[in-house]
Amino acid sequence: MLKVKDVTKYYGSHLAVDHLSFEVNQGEIFGLLGANGAGKTTTFRMIMGLLEPNQGNITFDEKPIDYTMTDKIGFVTEERSLLTKLTVKEQIIYYGILKGMVEEDILEKLDIWLEKFHISEYKNRKIKELSKGNQQKIQFISGVIHSPQLLILDEPFSGLDPINVKMFQEVILDLKSKGCSIIFSSHQMEHIELFCEKLVILVKGKVVLSGYLKDIKKEYRKKNILIEGDVSVSELKKIKGVLDVTLLNQEYQVKIESDAIVEKVFQAISKSRITKFVVEEASLNEIFIEKVGEAYDE
Amino acid sequence: MTSKFWFLTKQSLNKKVKTKWFLFANLLLLVVLVGIINMDSIISFFGGDFSSDIEIVLLDETKESKEIFEQNLTFSKETLDLDNDISVEVYSGNLDKLKEELKENDKIGIVLEKDNDVYMKAKIISDTKIDTMSYQLLVQALNQTKAQVAMKYANIDPIQLQKITSNVEIERLILDTEAKTDDEAMSLIMGTVFPTVILPFFMLVIFLVQMIGTEINEEKTTKSMEIIISNVSPKTHFFSKVLASNVFVLMQGALLLIYGGIGLLVKTLFGTSTSSSSLTSTFNDIWNSLGQMGIMDRLPEIIISALVLMILSFIAYSLIAGILASMTVNMEDFQQIQTPIMMVCLLGYYLSIMAGVFNGSIFIRVLSYVPFISCLLSPALLVIGQIGIFDVLISVLFLIITIWIMIKYGFRIYKVGILNYSTDKMWKRLWNATKQKG
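Heads up: the sequence lines are chains S and E, in that order. Numbers given in the numbering used here equal positions in the first sequence, counted from 1, plus 11. Numbers given in the numbering used here equal positions in the second sequence, counted from 1, plus 8.
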């Protein structure tokens, strides 16, 4: 289990991470969200031991993370960190040996991974000759070749087309099913919603929201009502507690303050011809925008 | 961690050695070195001739200068140190016929004419241009011939004439027995031994700086540094680079020696007899000069001092190149950091080439202690006897202190630098990194 406890990091006088705490259990996928400069990469670097926190501590399986522990951790950085003059095989051997593996074992696993990503034919090709998507796959393989117990994925889907995103999603879920703990950062909230059970939202290094995703959504009072039919937008907007009404794809999206408003809205349209009336929880994207926005305003 | 250190070292070395570029560069070096050593044979093979025969057709209108001219030709040939065979054929025809005859061959026509005013005039006639050395030989011989003819006409008796024209007897005395420097011997050593020893060392330093700098810069710019440093400590990473680059330059140095050896072997086996004998004679001259300057007696201490200084300097150069390269974020930065290192090395190179000029000044002695320069300057000054072994020991001590400082304090910069992608100016980043705690 990864435990980040009350971690603070300064760059000179700039506060990058402020009293951050979270835990990631075995086989759990954890989301670390935040706008650019929120402190996500700094947090990942501290977990990997590349940076030392000014305060707090980070442990994995109750032990501080040092060079004896990093062989158990896989790290896929946001920017491609591949030696582009090497071939795919040479690159994976290079990173694999740095993870304490032996060459034979690396080659055996490499074949399996290349097969899984449908890129076996690129094994002896130089990395600089590969497309961005395929380079991303090689980078991912370099992070998981040693079957890590903890996998850190910093924006793993950036630059990938939908087909490759789906391929990555399947692989990540497969790793989770095998007991690998995964920390995940992404700007795309739909990915976080799909994968993460737990998450933290950081703004300027501070935690503005944390916990299990379902609890966060449940506790978030604002809801959306989707209505299809003949309704008067001006009448809906007059209801106290209705925040906004927008027409999206021939259905109205009514944003409301809390569950209590649902009944008022239903009564207001009950005499109209209605074909759809659905109450749904706010999306993570909405929660993120509101929380991050609020924190910036502060 | 130890196995990862050796893996990184091996990886760095392989990356440099197992490339087509390394193979190509070394093949080129081999060809160039063998070519330079065998330049005379190559030129001869393509029709050039360093020691072509000089065939002279002499039209002596004075009827009395032939023997004098021949004697002077032989004398001038010796003073100019020429290997050419010279033959003199007396021509009995007239000038016009001689000119016609010379159009058909490479012979040189010399016409000696009597002159009442200036005793003797001469003509040098040839169908094509004459090379500079041959022309100089002829002019010198003709001048001496004219002088002798003139003295004869001035009624100077033969014994007197012999005394006037004979070479001055010179006795060379050096009163200061400690200072065994000899200008003639020194110029030969400065002109031959220094460039062959110092130039390869200078080249190797450039290779070294390039290798360590390029590798660190590449790992940073590709962002693979984060992955590497998350698996091995910066110290392991740094010293693997330092070791790999030093092993590489020592290997390259050994290869240069082998190429030189191959060049000499080729010269001995396939070179022309003249070029081989000229090589042997040059070696003998150098050997004699070394002996004359007392260097042969001090050769072991000079070789050991130079080797120690070179190895320590390689380490120092690789440390400074690695530390500075850690602060780079792109190729432009890397160019910037190379410049001061190259300038220092170049300064050392020129100072050592001109070492003899400074004539034992305190300034040059102090400069020979300066790390990064000492490896080039100190052995040079030691060879020409301007400093002693004690001065070399001071240089070694300063180098060791510099290496220690770079490991202790420079490593801080490295540790901070390798993961620093700040957009501040490079030298500002460097300055800020020095303030970080180790």
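The beta carbon of each residue, even a glycine, is placed where N, CA and C say it ideally should be.
Could you check where the beta strand (DSSP E) with residue i kicks off and where it finishes?
i: residue 32 of chain S; result: 25-35
i: residue 141 of chain S; result: Neither: residue 141 of chain S is in no beta strand (DSSP E) and is coded neither H nor E.
i: residue 122 of chain E; result: 116-123
i: residue 221 of chain S; result: 217-223
i: residue 240 of chain S; result: 234-240
i: residue 22 of chain S; result: 13-22
i: residue 80 of chain S; result: No beta strand (DSSP E) contains residue 80 of chain S, which DSSP labels as neither H nor E.
i: residue 273 of chain E; result: Residue 273 of chain E -> not in any beta strand (DSSP E); alpha helix (DSSP H) instead, spanning 242-278.
i: residue 196 of chain S; result: 192-196
Distance, Cα to Cα, residue i vs residue j?
i: residue 398 of chain E; j: residue 313 of chain E; result: 10 Å
i: residue 418 of chain E; j: residue 40 of chain S; result: 41 Å
i: residue 236 of chain E; j: residue 64 of chain S; result: 20 Å
i: residue 361 of chain E; j: residue 51 of chain S; result: 57 Å
i: residue 216 of chain S; j: residue 388 of chain E; result: 60 Å
i: residue 73 of chain E; j: residue 36 of chain E; result: 55 Å
i: residue 364 of chain E; j: residue 392 of chain E; result: 7 Å
i: residue 218 of chain S; j: residue 295 of chain S; result: 16 Å
i: residue 267 of chain E; j: residue 245 of chain E; result: 33 Å
i: residue 139 of chain S; j: residue 14 of chain E; result: 27 Å
i: residue 264 of chain S; j: residue 286 of chain S; result: 14 Å
i: residue 172 of chain E; j: residue 87 of chain E; result: 18 Å
i: residue 131 of chain E; j: residue 118 of chain E; result: 6 Å
i: residue 46 of chain E; j: residue 264 of chain E; result: 16 Å
i: residue 141 of chain S; j: residue 133 of chain S; result: 8 Å
i: residue 27 of chain E; j: residue 339 of chain E; result: 21 Å
Exposed or buried, which one is residue i when buried takes at least 16 other CB atoms within 10 Å?
i: residue 197 of chain S; result: buried
i: residue 238 of chain S; result: buried
i: residue 187 of chain E; result: Per-residue confidence for residue 187 of chain E stands at a pLDDT of 49, beneath the threshold of 50, marking its modelled position as unreliable; no derived number is given.
i: residue 56 of chain S; result: buried
i: residue 202 of chain S; result: buried
i: residue 24 of chain E; result: buried
i: residue 315 of chain E; result: exposed
i: residue 147 of chain E; result: exposed
i: residue 54 of chain S; result: buried
i: residue 439 of chain E; result: exposed
i: residue 271 of chain S; result: exposed
i: residue 157 of chain S; result: buried
i: residue 68 of chain E; result: buried
Take residue i and list the residues in its own chain whose beta-carbon comes closer than 7 Å to its own, dropping the five residues that flank it on each side.
i: residue 159 of chain S; result: 83, 84, 85, 191
i: residue 357 of chain E; result: 206, 210, 384
i: residue 74 of chain S; result: 80
i: residue 403 of chain E; result: 317, 376, 377, 382, 386
i: residue 104 of chain S; result: 114, 117
Taking the Cβ atom as the reference point for each residue, do residue i and residue j lie within a distance shorter than 8 Å?
i: residue 42 of chain S; j: residue 187 of chain S; result: no
i: residue 423 of chain E; j: residue 208 of chain E; result: no
i: residue 9 of chain S; j: residue 161 of chain S; result: The question about residue 9 of chain S has no answer, for chain S in this structure spans 12 to 309.
i: residue 123 of chain E; j: residue 93 of chain E; result: no
i: residue 414 of chain E; j: residue 331 of chain E; result: yes
i: residue 395 of chain E; j: residue 420 of chain E; result: no
i: residue 411 of chain E; j: residue 327 of chain E; result: yes
i: residue 231 of chain E; j: residue 426 of chain E; result: no
i: residue 96 of chain E; j: residue 133 of chain E; result: no
i: residue 260 of chain E; j: residue 320 of chain E; result: no
i: residue 128 of chain E; j: residue 160 of chain E; result: no
i: residue 150 of chain E; j: residue 85 of chain E; result: no
i: residue 249 of chain E; j: residue 20 of chain E; result: yes
CB-CB under 8 Å to residue i, same chain, minus the five flanking residues each way: which ones, in chain order?
i: residue 75 of chain E; result: none
i: residue 69 of chain S; result: 13, 14, 15, 16, 18, 57, 58, 75, 76
i: residue 342 of chain E; result: 221, 222, 225, 333, 336
i: residue 150 of chain S; result: 87, 88, 91, 92, 93
From which residue to which residue does the alpha helix (DSSP H) around residue i run?
i: residue 46 of chain S; result: Looking at the DSSP string, residue 46 of chain S is not in any alpha helix (DSSP H), and its letter there is neither H nor E.
i: residue 87 of chain E; result: 74-87
i: residue 68 of chain E; result: Element bounds for residue 68 of chain E: not the alpha helix (DSSP H) but the beta strand (DSSP E), 62-68.
i: residue 442 of chain E; result: 434-442
i: residue 68 of chain S; result: Run containing residue 68 of chain S: none in the alpha helix (DSSP H); it sits in the beta strand (DSSP E), 66-71.
i: residue 51 of chain E; result: 47-53
i: residue 400 of chain E; result: 397-413
Once the 5 residues before and after residue i are set aside, which same chain residues still bring their CB inside 6 Å of it?
i: residue 262 of chain S; result: 237, 239
Of all the residues that make up the segment 26-43 of chain E, which are near chain B by a beta-carbon distance shorter than 7 Å? Although the question refers to chain B, the structure presented lacks it and instead comprises the protein chains S and E.
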